[in-house]
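Colleague: Residue numbers (the working numbering): 2 to 1017.
(1) Below 8 angstroms on the Cβ atoms is my guess for residue 638 versus residue 593; work out the distance and round it to an integer in Å.
(2) Does DSSP put residue 301 in a helix, in a strand, or in coil?
(3) Mapping DSSP to helix, strand and coil, what is residue 421?
(4) Only counting the same chain, and skipping five residues up and downstream in sequence, which positions put a Cβ closer than 7 angstroms to that of residue 880?
(5) Could you compute how far the alpha carbon of residue 574 sits from the alpha carbon of residue 541?
(6) If you compare alpha carbons, which of 111, 830 and 666 is closest to residue 165?
(7) Between 600, 446, 688 and 747, which lies nearest to residue 705 when the distance is taken from Cα to Cα?
(8) So the beta strand (DSSP E) residue 488 belongs to, where does it begin and stop?
(9) Inspect the beta-carbon positions of residue 919 and residue 938 and report whether they are closer than 8 angstroms.
(10) In the structure shown, what three-state DSSP assignment does residue 928 receive?
(11) How far does the alpha helix (DSSP H) with residue 677 in it extend, from its first residue to its last?
(12) Going by beta-carbon coordinates alone, are residue 952 and residue 926 separated by less than 8 angstroms?
(13) For residue 971, count neighbouring Cβ atoms within 10 angstroms of its own Cβ and tell me buried if that reaches 16, exposed if not.
(14) Going by the beta-carbon positions, is the gap between residue 767 and residue 464 smaller than 8 angstroms?
(15) Do the CB positions of residue 1 and residue 883 come within less than 8 angstroms of each other?
(16) What residue range does the beta strand (DSSP E) around residue 125 cover?
(17) Quick one: Cα of residue 394 to Cα of residue 68, how far?
(18) Could you name each continuous beta strand (DSSP E) segment of 3 residues or more that falls completely within the stretch 954-978, going from the start of the chain to the end?
(19) Grouping DSSP H, G and I as helix and E and B as strand, with all else coil, what is residue 799?
(20) Out of 477, 917, 814 and 900, which one is the CA nearest neighbour of residue 520?
(21) Starting from the N-terminal side, write out each stretch of the alpha helix (DSSP H) that is 4 residues or longer and does not extend beyond the stretch 510-555.
(22) Using CA atoms only, rank isn't needed, just tell me which of 536, 241 and 419 is closest to residue 995.
(23) Please return the same chain residues whose Cβ sits closer than 6 angstroms to the Cβ of residue 492, not counting the five positions on each side in sequence.
(24) Could you check the C-alpha separation between residue 873 and residue 897 for me, to the nearest Å?
(25) Quick one: what's got a C-beta closer than 6 angstroms to residue 557's C-beta in the same chain, skipping five residues either side?
(26) What are the boundary residues of the alpha helix (DSSP H) that residue 241 is part of?
(27) On the DSSP bridge list, what partners appear for residue 44?
(28) If I follow the unbroken beta strand (DSSP E) through residue 948, where does it start and stop?
(29) By a C-beta neighbour count over all protein chains shown, 10 Å radius and 16 as the cutoff for buried, is residue 634 buried or exposed?
(30) Out of 786, 378 and 988, state which residue places its alpha-carbon closest to the alpha-carbon of residue 890.
(31) Rounded C-beta distance between residue 471 and residue 496? I'm assuming under 8 angstroms.
(32) Leaving out the 5 sequence neighbours to the left and right, which residues in its chain are closer than 8 angstroms to residue 466 when beta-carbon positions are compared?
(33) Let me know the secondary structure DSSP gives residue 135 once reduced to three states.
(34) Take residue 984 and list the residues in its own chain whose beta-carbon comes closer than 6 angstroms to its own, dropping the five residues that flank it on each side.
(35) How many Å lie between residue 437 and residue 608 at the Cα?
(36) Excluding sequence positions up to five away, which residues of its chain have a Cβ less than 8 angstroms from the Cβ of residue 721?
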């Protein structure tokens, strides 16, 4: 360095860094660079930093900002000051970075020696342990994740001391060519802190400049802002907020258009996965910071576009030319995958330690594969099951609607679920009711949101994602029995491939699938909540989780309530005998009671209907096809139900339960006894429901889910306890029993898996609308109307009333009003029996515009009786049969007095009557219109006192017509309003329910008061 070094202006930005500022400033003033000027900016400090600056520098060399401007704005403040001078190079320095004495000289020499350089940076080491490297230049992957290229806690042994190019260097100790810095437009002042170095250096590369790391220049860096060690906006808003916010803004500004179109979707996918990961691991602050960061970019998009235009206008290099400067995205995705895999496998538990001493590396591919399977049972099982699931799912991945079983076509937007759930009048399914819908309707809206609002993805995510999620939950729940992974993997796999789980899947029983997912999670939560020695935070977190999981399970499958109540009674009995003291037992009892009360409140007000006379718990089910069958078939989980794999699949479960007694009873007598009690109760319940046939109040396969769960739990116990006992005895009946059970389970799982490969989706339809398309097309012009769907099933005509779009998943959990069904049933029976050729005319009063017979439901007899109806007009269709009801009425209609007389006298609408449809206004439960003559308003909904009508402000008296709403209008009116009047009350109830849910969720994810107590 014989040539004279250029003048350097050092700008030290200080903000509440008094703890490190003294050392940083002293080292800066001790630099050996011969021509160094120092300016300091006190960036809104409140901790005495200003006094330290004034102690070491002249007053005119200390600039004061009364508030925290951010790093970039503070730098600009210094450069714009008169004391900035004309130095060729500018050094940026953080107040928590101590430079080696020759650091500035080293940086200045390399910057002056190469005209292509715009930025150089120092090697940074740890403040407390200078042997540890912090950074020697940085890179990012395609989605903006920063990568230092260093190993964790990598020691500085000179291995990184070569001068090299880097995508960017830290502003903690950065030297820039002043002319280039001004040409690039300085820092983006919006950034405040974090990623301003990435943005500046990236723009320098694009403009044709280079960026270099000079390891000979060394700085000790505290990185206090990243570690929450300084106050201010960083600690208040969070470092992740600034990092995520500024990273996305940098990507939007600096990528070329084509690359941005590829990167932005990937960024969003990775970001959503990251947010879900934060939520799953209870890092709610990080999840919230990430969402706020995205929102900031949306709000400031216009300014970002302006800055992007300037960057792209000065571009001298393509994205491809900078490819080598970027890190690879694959390691990041692999790291995420490994982290998720560890979480699924239970990495938070102390796992079996590997044997000590040297081990021989497997030589052949087969040996390596076997070794991998033994050491990675979770990932191996996940890969095998994932491949099987993908093959099985292929027939359902075609375009169009997916429907079958309880799965109906999904609405276009999640709002369809939420709007109907919040409304006091629920008619999304075509038939209106004021009874509270199941909260399952709101949960499905969340599923729709998680599916990115896609009506194609949501039903497939719900159906095909249930068993993989159940596998993960069961795998985690198994950790309460054993830390060993192989028993947990085996039991979880057996559980999700059990006959009831597979039958629920291929018959589309969504409620039962939710129970399959919830059951192991609920048992795991209770295992923690009922532990007498559980820490308060863990116990209450588990209590809240149990309440939420139980509420979801009951919302989707109301008969689950009976099992839940039975378990509460048993749990209270057990809790009364647990713990070393009365005080501890009382705490456990309180938590058990809190679970029951919490579940009821989470489901309120719908939970009230669970105890009513027409409770959905005992509301009956769709035909199950299970006649009285021998008890042994239920014992082996092999009843003659659609989709059950057969006897072989159930034998292994029974043997696993017996093996659990053999090996586990001496070690875990209470657990083995309880699991067998659940299994036997489930078998007897399924047998009883099967004998009830069509009168069963629940699907007989539902109790078998409990049987499968209990026997899978016994399998975990057997596998976890068998090893020492088998090793302690010579070959005999124990080994034979273990081998036989293993073979039976393996064979059963193979049979179950094979059954999924043999056309498992016969109950589903893909890509075919439930109703002819022209019917839905008519709705905007014709207004609301209903459709009667008829199908001849072996001589018995089944019927359903739906909206013009056909069945919709948005109506899941909405109770069908029995009064409406009873009112319309007699007219439908008259139509299909042919007893009254004029019966179809009465259907018009119920807002039924079309009668549809699907092709699969056609029969000559049904076609004949429909053809004989006087008020049905056949419509031309390619398949099935469609007939239009000639005298149908809109949902809300004004009829003049003469037409009303006909309706009252004959119970049907006369042809040519001058009806006028009232229009919907502001929701499902409000209709408006006017009239010039006296008459009546007929509303095709069941008459209840919750409906009100006003004509020019005058209240109209409620009457009825065939059980439907009728309001007589005695004189002309300019404005008639008919509405359901309880919307305010419904809104309050939903708000309370949401409040209770947020309390339970916050308690489940992070109970701060109990957490603090446990740390004392």
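The beta-carbon is built from N, C-alpha and C at its ideal position, and this holds for glycine as well.
Modeller: Put simply:
(1) Going by Cβ atoms, the distance from residue 638 to residue 593 rounds to 30 angstroms, so no, they are not a contact pair.
(2) In the three-state reduction of the DSSP assignment, residue 301 falls in the coil class, being assigned neither a helical nor a strand state.
(3) Residue 421: helix per DSSP, three-state reduction.
(4) So the list reads 856, once near-sequence residues are dropped.
(5) One C-alpha to the other measures close to 19 angstroms.
(6) The candidate whose alpha carbon is nearest that of residue 165 is 111.
(7) Nearest neighbour of residue 705 by Cα position, chosen from 600, 446, 688 and 747, turns out to be 688.
(8) Counting along the chain, residue 488 falls outside any beta strand (DSSP E), though it belongs to the alpha helix (DSSP H) covering 486-497.
(9) Yes. Within cutoff.
(10) In the structure shown, residue 928 falls within a strand segment according to DSSP collapsed to helix, strand and coil.
(11) In this chain, the alpha helix (DSSP H) harbouring residue 677 covers 670-693.
(12) Contact: no.
(13) Flag for residue 971 reads exposed.
(14) The Cβ-Cβ distance between residue 767 and residue 464 does not fall below 8 angstroms.
(15) Outside the displayed span of the chain (2 to 1017) sits residue 1, for which this structure offers no information.
(16) Here the beta strand (DSSP E) through residue 125 covers 118-127.
(17) Looking at the two C-alpha atoms, the distance is approximately 58 angstroms.
(18) Correct list: 959-962 and 965-970.
(19) Looking at residue 799 - three-state DSSP - the assignment turns out to be strand.
(20) Selected option, being the one with the closest Cα: 477.
(21) Qualifying alpha helix (DSSP H) stretches, in chain order: 511-530.
(22) For the options 536, 241 and 419, the alpha carbon positioned closest to that of residue 995 is the one of 419.
(23) If we look at residue 492 and ignore the five residues flanking it on each side, its Cβ neighbours are 479, 713, 716 and 717.
(24) Between the C-alpha atoms of residue 873 and residue 897 there is a straight-line separation of about 24 angstroms.
(25) Hits under 6 angstroms: 441, 512 and 515.
(26) Residues 240-255.
(27) According to DSSP, residue 44 bridges with 66.
(28) For residue 948, the enclosing beta strand (DSSP E) covers residues 948-952.
(29) Buried, since its Cβ has 16 or more Cβ neighbours within 10 Å.
(30) Checking every option, the nearest Cα to that of residue 890 belongs to 786.
(31) Contact between residue 471 and residue 496 holds, with the beta-carbon distance rounding to 7 angstroms and staying under 8 angstroms.
(32) Contacts found: none.
(33) The answer is strand: DSSP assigns residue 135 an E or B state.
(34) When the five nearest sequence neighbours on each side are left out, the beta carbons in the same chain lying within less than 6 angstroms of the beta carbon of residue 984 are those of 425, in order along the chain.
(35) Between residue 437 and residue 608, the C-alpha separation is close to 9 angstroms.
(36) 482, 483, 485, 488 and 665.
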